[in-house]
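Visitor: Residues in the sequence shown are numbered from 47 upward in steps of one, following my numbering.
Beta carbons are placed, not taken as given, at the ideal position from N, Cα and C, and that holds for glycine.
Nothing here was measured: the structure is a model prediction, and the numbers come from that model.
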Amino acid sequence: MKNRTLLIAALAAAHAAAFAQPGPPPGRHGPGGPPHMQGHRPPTAGPQHAPMHRPGMRPMPHRPPPPVAYPEYRRYHRGDRLPPNLRARQYVVQDWRGHGLRQPPRGYQWVQNGSDYVLAAVATGIISAVVIHALTQ
Numbered sequence: 047m048k049n050r051t052l053l054i055a056a057l058a059a060a061h062a063a064a065f066a067q068p069g070p071p072p073g074r075h076g077p078g079g080p081p082h083m084q085g086h087r088p089p090t091a092g093p094q095h096a097p098m099h100r101p102g103m104r105p106m107p108h109r110p111p112p113p114v115a116y117p118e119y120r121r122y123h124r125g126d127r128l129p130p131n132l133r134a135r136q137y138v139v140q141d142w143r144g145h146g147l148r149q150p151p152r153g154y155q156w157v158q159n160g161s162d163y164v165l166a167a168v169a170t171g172i173i174s175a176v177v178i179h180a181l182t183q
């Protein structure tokens, strides 16, 4: 029984060795390096991580975060309806005096749209007044 097991194991090893293909010598890989590295840059000598800047070169400035996606500017007129996204809290002018605007009547609010200010009804968004290019004066 033991001899039979040894014989089967030897035949299996010989069978596997007959189909094995010789690879490149150790440390040598065909043109382009090992298959998983073909198309990649060769590793550079030096520390694991490159320094933030090299001598004689200015460091790259920090990139600001991408701009907030504001709604596309559109000139509004009296009687138009202000879309709900422009009536959001971030566009409502709380300090109307500081912006040189008159006090909004009850039920209305000033909304900034680019360099324009729009006086709109809180409930419906119907525009009562428009101040154009207020920030450029």
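Quick one: Cα of SER161 to Cα of HIS179, how far?
Guide: If you number the sequence shown from 1, residue 161 lands on position 115. If you number the sequence shown from 1, residue 179 lands on position 133. If I take the Cα positions, the gap works out to 5 Å.
Visitor: Note down the Cα distance separating TYR154 from LEU165, rounded to an integer number of angstroms.
Guide: For this step, residue 154 is matched to residue 108 along the sequence shown. For this step, residue 165 is matched to residue 119 along the sequence shown. Looking at the two C-alpha atoms, the distance is approximately 7 Å.
Visitor: Inspect the beta-carbon positions of ILE173 and LEU132 and report whether they are closer than 8 Å.
Guide: Locating residue 173 in the sequence shown gives position 127, counting from the first residue. Locating residue 132 in the sequence shown gives position 86, counting from the first residue. No, the pair does not count as a contact, with Cβ atoms beyond the cut-off.
Visitor: Looking at C-alpha atoms only, which residue of TRP156, GLY146, VAL177 is the closest neighbour of VAL168?
Guide: As a working note, residue 168 is residue 122 in the sequence shown. For the residues TRP156, GLY146, VAL177, the minimum Cα distance to VAL168 belongs to TRP156.
Visitor: Using 8 Å for Cβ pairs, my map puts GLN149 next to TRP142. What's the rounded Cβ distance?
Guide: Stepping through the sequence shown from its first residue, residue 149 is reached at position 103. Stepping through the sequence shown from its first residue, residue 142 is reached at position 96. Correct: roughly 6 Å between the Cβ atoms.
Visitor: What residue range is occupied by the uninterrupted beta strand (DSSP E) comprising TRP156?
Guide: For the purposes of this step, residue 156 is taken as residue 110 along the sequence shown, with counting starting at 1. Unbroken beta strand (DSSP E) run through TRP156: 154-159.
Visitor: Do you know how far the Cα of GLN158 is from the Cα of GLY125?
Guide: One-based indexing of the sequence shown puts residue 125 at position 79. One-based indexing of the sequence shown puts residue 158 at position 112. So the two alpha carbons sit approximately 17 Å from each other.
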